[in-house]
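Note sheet for the following structure.
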Amino acid sequence: MPVIAYRDALNQAIDEEMARDDRVFLIGEEVALYNGAYKVSRGLHDKYGDRRVIDTPISEEGFTGIGIGAAMAGLRPIVEWMTFNFSIQALDQVINNAAKMRYMSGGQFSVPIVFRGPNGPAEWLSSQHSQALDAIYSHVPGLKVISAATPYDAKGLLKSAIRDDNPVVMMEAELLYGAKGDVPTDEYLIPLGKADIKRPGREVTLITFGKVVHMVLAAAEALAQDGIDAEVIDLRSLRPLDEAAIVASVAKTSRCIVIDEGWPIASVGAYVAWLVSHRCFDRLDAQVELVTSEDIPMPYNHQLELAAQPSVDKILAAVEKVLYL
Amino acid sequence: MAENIPMLALSPTMEEGVIVKWVKNEGDAVAQGDVLCEVETDKATMEYESPADGVLLKILAQEGSSVPVGKEIATIGEAGEKAEGAAKTAEPEHEKEEKAVEKPAEAEKKPQEPAKAEKPPEKAEPEPEPPAEQTQKPRLPEEAPPQQKMTKPAAEGKFVATPLARRLADERGVDLSTVQGSGPDGRITRDDVKAAVSKTSPQAATAAAQGTLEDKTIEITPKRKVIADTLSGSKFSAPHFYLKVTAGVENLMAARARLNKSLNAHVSVNAFLIKFVAETLRRHPMVNATWKEDAIEQHAAIDIALAVSQPDGLIAPVVRDCGAKGILQIDTELKALVDKTRKGALTRADYADSTFTVSSLGTYGIEEFTAIINPPGSAILAVGEFMKICVADENEQICAKLCAKLTLSCDHRLIDGAIGANFLRDLKQMIEYPIEPLY
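Structure representation (structure tokens):
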């Protein structure tokens with residue numbers, strides 16, 4: 002099976018879907034001539050030309066709105082935000098137009114659009130450019146929200162997102178674009194709304210999503226050295242959530258830790274932790290623990306920046322609590 | 475009101491505890507959570523925390539005495555109150571506990587209950603996923619199992635239990651007020667309920683009493699799983715080869731005797747061996763290294779593990795940076811680690827990431843053996859019994875000499891025969907002439 006980078010898996014997904022359906026187009030800052038700020042759209046402008054790979058001015062609210070209008074008119078746009086930090090400019094378009102249009106029009110309009118780009122902290126980007134905004138988008142009914150941790154998931158999820166008739170927000174990560182993994186040559190789709198057990202285990206469930214999946218897997222390996230058998234669930238879809246996968250795992254392990262690289266209050270992780278306490282109440286043998294970034298703006302100093310985020314040590318400390326070690 | 479407080483089961487297997495020391499004296503005011511006394515259990519010495527606010531009126535179990543779980547150790551009440559009255563007030567509690575203990579005997583008479591009591595605890599795992607409609611459909615009052623009434627509601631404040639522990643207790647008819655919790659603030663967990671079930675299971679009791687062989691399936695403990703995975707991973711991936719020498723240990727034993735005499739101490743032979751190994755490793759860095767598939771990592775620190783046998787399986791605590799430490803310091807740290815091992819108190823930091831391991835079966839009378847490499851180290855030294863063997867001295871005369879057979883297992887991916895041989899030759903030299911490390 003070919004081993005390719007995350008950015009190239011996204012590129013394949015967009016390329017294949019553009020070839021399959023000529024209503025699909027890509028719009029955003031630097032996506033055409035520059036081949037994408039993170040080189041996700043490399044070669045696509047050469048292949049599909051100006052009409053289907055469109056560079057825009059720095060105007061998130063504007064080009065996001067253009068995308069939504071195009072989707073209402075029957076096209077299937079992919080809107081690339083250079084980062085989710087800039088998507089805040091376009092929140093009104095996403096929340097008030099994309100997410101509401103089907104409901105407000107009584108089903109007359111659907112908005113088949115994908116919003117995608119890097120989300121969450123990278124390195125040395127300080128507080129305005131290091132934000133994990135999963136919770137803000139996951140909060141909104143009318144949107145679907147996905148987060149891919151591996152090249153395989155990135156390709157399969159993006160292809161499904163492009164074919165979905167609802168607005169889908171896809172969270173990527175700057176530090177994942179170079180990550181490599183197996184991606185089959187044959188076409189495949191990953192349905193939205195399905196979690197993935199990234200590591201099966203019996204004693205404690207670690208629920209997470211996005212970039213930190215890799216950190217959680219490393220923590221699970223460290224636990225295995227101590228004879229603790231952890232199960233790692235990658236949600237992949239934050240809205241809708243795969244409740245069945247969550248419940249089945251916690252019913253088996255009786256212990257649950259949720260790891261979310263966003264802030265703690267009103268986060269996706271906090272919601273999942275509630276869901277577990279609600280659906281699995283009399284299966285739990287310990288409180289549900291939540292490991293998140295600290296409740297502060299991201300510091301620029303690199304040591305503080307790392308200290309502000311989840312870490313293997315923080316995860317292991319939470320495991321000690323729920324296993325009464 | 476004055477109340478007698480009983481000896482608690484401070485570990486799941488504890489049946490009695492020895493009062494090591496009273497921290498509070500008679501007449502002292504105590505608050506809930508204050509340490510009253512230290513109790514030595516079958517595993518470790520634990521602190522006994524006061525279950526109530528008040529005054530320690532009377533100590534009923536003196537220091538040094540061994541008290542069965544459930545028997546009173548002290549009386550706590552209000553200032554000025556008399557301790558004598560407590561015996562009466564506490565009696566109902568005590569009776570209740572005795573009743574709970576008698577339960578299995580009663581159960582045998584009744585036709586329904588033994589089946590439940592005999593159900594082995596592991597049968598309940600894995601538990602089925604709760605049906606999805608459970609959350610959507612409110613449970614009707616009549617659906618509640620009648621057994622639920624047997625468990626005291628938490629509102630009475632008698633115990634704190636996890637939801638899973640409550641459910642298991644319901645299913646297996648365990649009265650949670652008789653279970654001692656091992657979690658924070660005495661929280662009763664799943665394992666506490668399971669321990670309570672297995673304790674009262676008549677089947678388990680008879681099997682233990684008879685001491686006969688029987689067919690049984692033993693659940694693999696997490697520790698056993700790690701041992702199995704680590705050692706099979708090592709043996710199946712690292713191509714082992716073995717080198718053997720016989721080293722004279724008379725000089726080592728003489729040096730140790732002198733040291734012990736001058737310090738009036740008991741420095742272990744292992745501390746000497748570890749020091750000699752460390753000094754030899756310093757001269758052979760390739761033996762203090764790790765195979766990393768695409769690279770070989772040599773380690774600056776010499777972290778030597780010593781295999782220590784435990785009833786529940788082998789573990790190898792690590793003395794760190796042995797190259798920079800003297801024999802006495804190694805001995806002190808080794809003793810602390812072995813002590814921690816016996817108490818089951820080792821943490822991952824105590825045994826992870828050794829660069830070399832020493833294993834000795836001499837005390838079992840084993841003359842020589844080969845050991846499996848303990849990763850991430852790349853070699854392990856197996857030390858046999860120190861025994862007198864007949865050798866020819868320099869005058870071709872047969873004489874008896876105290877020797878030990880040393881077997882080095884090496885990972886051939888990074889240690890070639892000559893490298894291992896040089897290491898072992900130098901180690902033998904070091905052991906036979908213990909002054910070597912000073913050169």
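Residue numbers (my numbering), protein chains in the order written: chain A, 2 to 326; chain B, 475 to 913.
Think of the CB as a built atom: it goes at the ideal place given N, C-alpha and C, for glycine as much as any other residue.
Chain A contact residues for lysine 699 (chain B), given Cβ-Cβ distances below 7 Å: Near lysine 699 (chain B) (Cβ distances below 7 Å), the residues of chain A are Gly228.
Min CB distance serine 255 (chain A) to chain B below 8 Å: True, the Cβ-Cβ gap to chain B drops below 8 Å.
The segment 130–137 of chain A touching the segment 260–271 of chain A, judged by at least three CB pairs closer than 8 Å: Touching, per the Cβ criterion.
Whole alpha helix (DSSP H) elements within the segment 256–293 of chain A, 4-residue minimum: Within the segment 256–293 of chain A, the complete alpha helix (DSSP H) runs of at least 4 residues fall at 269–280.
Supposed close pair isoleucine 905 (chain B), threonine 829 (chain B) - CB separation, criterion 8 Å: Rounded, the Cβ-Cβ distance is 20 Å, inconsistent with contact.
Which of helix, strand or coil DSSP assigns to aspartate 296 (chain A): Correct three-state label for aspartate 296 (chain A): coil.
Under the three-state DSSP convention, the category arginine 756 (chain B) falls into: Helix at arginine 756 (chain B).
Interface residues of the segment 275–288 of chain A facing chain B [CB-CB below 8 Å]: Look at the segment 275–288 of chain A: the residues with a C-beta under 8 Å from a C-beta of chain B are His279, Arg280, Cys281, Phe282, Asp283, Arg284, Leu285, Asp286 and Ala287.
Chain A contacts from the segment 657–675 of chain B (Cβ-Cβ distance under 9 Å): Listed in sequence order: Gly657, Pro658, Arg661, Thr663, Arg664 and Asp665.
Same chain, Cβ closer than 8 Å to leucine 324 (chain A), five either side skipped, listed in chain order: Taken in chain order, the residues that qualify are Glu204, Val205, Ile229, Arg256 and Ala287.
Alanine 548 (chain B) - DSSP class collapsed to helix/strand/coil: Alanine 548 (chain B) falls in the strand class under three-state DSSP.
is_contact[tyrosine 325 (chain A), chain C] using C-beta, thresh 8 Å: Included in the structure are the protein chains A and B, with no chain C among them.
Same chain only: Cβ atoms within 7 Å of aspartate 296 (chain A), ignoring 5 sequence neighbours per side: Hits under 7 Å: Trp264, Pro265 and Ile266.
Same chain, Cβ closer than 7 Å to isoleucine 804 (chain B), neighbours up to 5 away in sequence not counted: Non-local beta-carbon contacts of isoleucine 804 (chain B) in its own chain, meaning distances under 7 Å to residues more than five positions away in sequence, involve Ala745, Ile748, Lys749, Val793 and Cys796 in chain order.
For alanine 91 (chain A), the nearest candidate out of A:Gly211, A:Gly66, A:Lys101 and A:Trp125 (CA to CA): With distances taken between CA atoms, alanine 91 (chain A) lies nearest to A:Gly66 out of A:Gly211, A:Gly66, A:Lys101 and A:Trp125.
Test item: CB-CB of arginine 77 (chain A) and isoleucine 163 (chain A) under 8 Å: Yes, Cβ-Cβ distance for arginine 77 (chain A) and isoleucine 163 (chain A) is below 8 Å.
Limits of the beta strand (DSSP E) - the one that threonine 206 (chain A) falls within: First-last of the beta strand (DSSP E) with threonine 206 (chain A): 205–209.
Run of the alpha helix (DSSP H) containing glutamate 688 (chain B), from where it starts to where it stops: Unbroken run through glutamate 688 (chain B): none, as it is neither H nor E.
Tyrosine 272 (chain A) to valine 112 (chain A) span [Cα, whole Å]: Whole-angstrom Cα-Cα distance: 27 Å.
Outcome for leucine 880 (chain B) when other beta-carbon atoms lying within 10 angstroms are tallied against a minimum of 16: With 16 or more other CB atoms across the displayed protein chains lying within 10 angstroms of its CB, leucine 880 (chain B) is buried.
Inside the segment 128–193 of chain A only - beta strand (DSSP E) runs reaching at least 3 residues: Runs of the beta strand (DSSP E) inside the segment 128–193 of chain A: 145–148, 169–173 and 181–183.
Collapsed DSSP secondary structure at glutamate 512 (chain B) in the structure displayed: Residue state for glutamate 512 (chain B) is assigned as strand, using DSSP reduced to three classes.
Per-residue burial, phenylalanine 85 (chain A) [other beta carbons within 10 Å of its own, 16 or more giving buried]: A residue is called buried when at least 16 other Cβ atoms come within 10 angstroms of its Cβ; phenylalanine 85 (chain A) meets this threshold and is buried.
Simplified DSSP assignment, three categories, for asparagine 430 (chain B): With chain B covering only 475 through 913, there is no way to say anything about residue 430 (chain B).
Partner residues on chain A for arginine 641 (chain B), Cβ-Cβ distance less than 7 Å: Ordered by position in chain A, the residues that pass the 7 Å Cβ test against arginine 641 (chain B) are Asp283.
Selection from A:Asn120, A:Asn12 and A:Ala231 that minimises the alpha carbon distance to glycine 37 (chain A): Taking only the C-alpha atoms, the option nearest glycine 37 (chain A) is A:Asn12.
Own chain, CB closer than 6 Å to valine 213 (chain A), minus 5 neighbours either side, in chain order: Around valine 213 (chain A): Ile260, Glu262 and Pro311.
Residue burial classification, isoleucine 909 (chain B) (beta-carbon count within 10 angstroms, cutoff 16): A residue is called buried once 16 or more other Cβ atoms fall within 10 Å of its Cβ, and isoleucine 909 (chain B), having fewer, is exposed.
Neighbouring residues, chain A, relative to alanine 526 (chain B) (Cβ below 9 Å): The premise fails here: alanine 526 (chain B) is roughly 24 Å from chain A at the closest Cβ pair, so nothing lies under 9 Å.
Test: glutamate 569 (chain B) CB closer than 8 Å to a CB of chain A: With a pLDDT of only 41 at glutamate 569 (chain B), under the threshold of 50, the placement of this residue in the model should not be trusted, and no figure is reported.
Of the listed residues A:Val233, A:Met216 and A:Thr186, nearest to isoleucine 198 (chain A) (C-alpha basis): Considering only alpha carbons, the answer is A:Val233.
Backbone CA spacing between arginine 21 (chain A) and aspartate 56 (chain A) [nearest angstrom]: Rounded to whole angstroms, arginine 21 (chain A) to aspartate 56 (chain A) spans 22 Å at the Cα level.
Chain-ordered chain A contacts of proline 696 (chain B) [CB-CB under 9 Å]: Simply Glu204, Asp227, Gly228, Ile229 and Asp230.
3-residue-minimum beta strand (DSSP E) runs that sit fully inside the segment 24–58 of chain A, ordered along the chain: Taking 3 residues as the minimum length, the beta strand (DSSP E) runs contained wholly in the segment 24–58 of chain A are 25–29 and 54–56, in order along the chain.
Alanine 779 (chain B) at chain A interface by Cβ criterion, 8 Å: Look at alanine 779 (chain B): its C-beta is not under 8 Å from any C-beta on chain A.
Cα-Cα separation between leucine 126 (chain A) and lysine 697 (chain B), rounded to whole angstroms: Near 43 Å, if we compare the C-alpha coordinates of lysine 697 (chain B) and leucine 126 (chain A).
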